[in-house]
Amino acid sequence: MRKEDIERIRRSHAAIDDPHAFAMRFYEILFRVQPDLRRLFPAQIDAQAAKFAGMLVAVVAQLDAPSVLEADVAELGRRHVDYGVGEADYDAVGAALLMALHEAIGEAFTPEVEQAWAAVYGEMAETMIAAGSHAVVG
Ligand code: HEM
Numbered sequence: 004m005r006k007e008d009i010e011r012i013r014r015s016h017a018a019i020d021d022p023h024a025f026a027m028r029f030y031e032i033l034f035r036v037q038p039d040l041r042r043l044f045p046a047q048i049d050a051q052a053a054k055f056a057g058m059l060v061a062v063v064a065q066l067d068a069p070s071v072l073e074a075d076v077a078e079l080g081r082r083h084v085d086y087g088v089g090e091a092d093y094d095a096v097g098a099a100l101l102m103a104l105h106e107a108i109g110e111a112f113t114p115e116v117e118q119a120w121a122a123v124y125g126e127m128a129e130t131m132i133a134a135g136s137h138a139v140v141g
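For reference, each letter of the sequence shown is one residue, going 4 to 141 in the working numbering.
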């Protein structure tokens with residue numbers, strides 16, 4: 004990932020006032036866009052929202068050394084197979100994340116910022132999906 008994109012991610016992530024409220028809003032958007040995903044999650048989404056926000060913080064912190072998180076992300080991907088998450092679900096989650104970011108940071112969500120986030124999410128999703136599909140095969 005290019006240095007400018009890392010800066011874009013870090014600046015826009017820092018512009019989120021309340022990370023927990025952001026994560027809650029992300030799930031609200033996700034379940035509005037893709038209501039059938041709701042059943043995969045517990046009734047109370049608070050704890051899950053905190054975990055998701057925590058994961059975002061970890062990823063943003065390690066953007067210049069992505070290999071540090073690779074094993075963790077792969078492990079996360081394998082667990083997602085057990086949660087009943089399919090490959091196609093990653094697109095809906097990525098789209099909801101971008102919408103929630105847009106809403107949270109407004110005009111600062113430029114096309115460059117959007118692309119940088121889409122790239123980060125895409126790489127994570129790819130690692131998770133690959134790890135999950137290997138788990139199924141072997
Ligand atoms: C880059 C993408 C994603 C990240 C970073 C992420 C992050 C997390 C984290 C940190 C957890 C907490 C549990 C654990 O660590 O195993 C979790 C659980 C979960 N995630 Fe994801 N996730 C992603 C994609 C998805 C997608 C695409 C779905 C599809 C709907 C999904 C559905 C779930 C579900 C159902 C749980 C378990 C909830 C529960 O039963 O407590 N996640 N996710």
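Yeah, the Cβ is synthetic: ideal placement off N, Cα and C, and Gly gets one too.
- Relative to Glu106, the option among Asp20, Thr130, Pro45 whose CA is nearest is Asp20.
- Scanning Val76, Asp94, Ser70 for the CA closest to the CA of Met58 turns up Val76.
- Here His16 is buried, its C-beta having at least 16 other C-beta atoms within 10 Å.
- Here DSSP, grouped into helix, strand and coil, assigns Phe25 to helix.
- DSSP places Gly97 in the uninterrupted alpha helix (DSSP H) bounded by 92-108.
- Distance from the C-beta of Val96 to the nearest heavy atom of the ligand HEM is below 6 Å.
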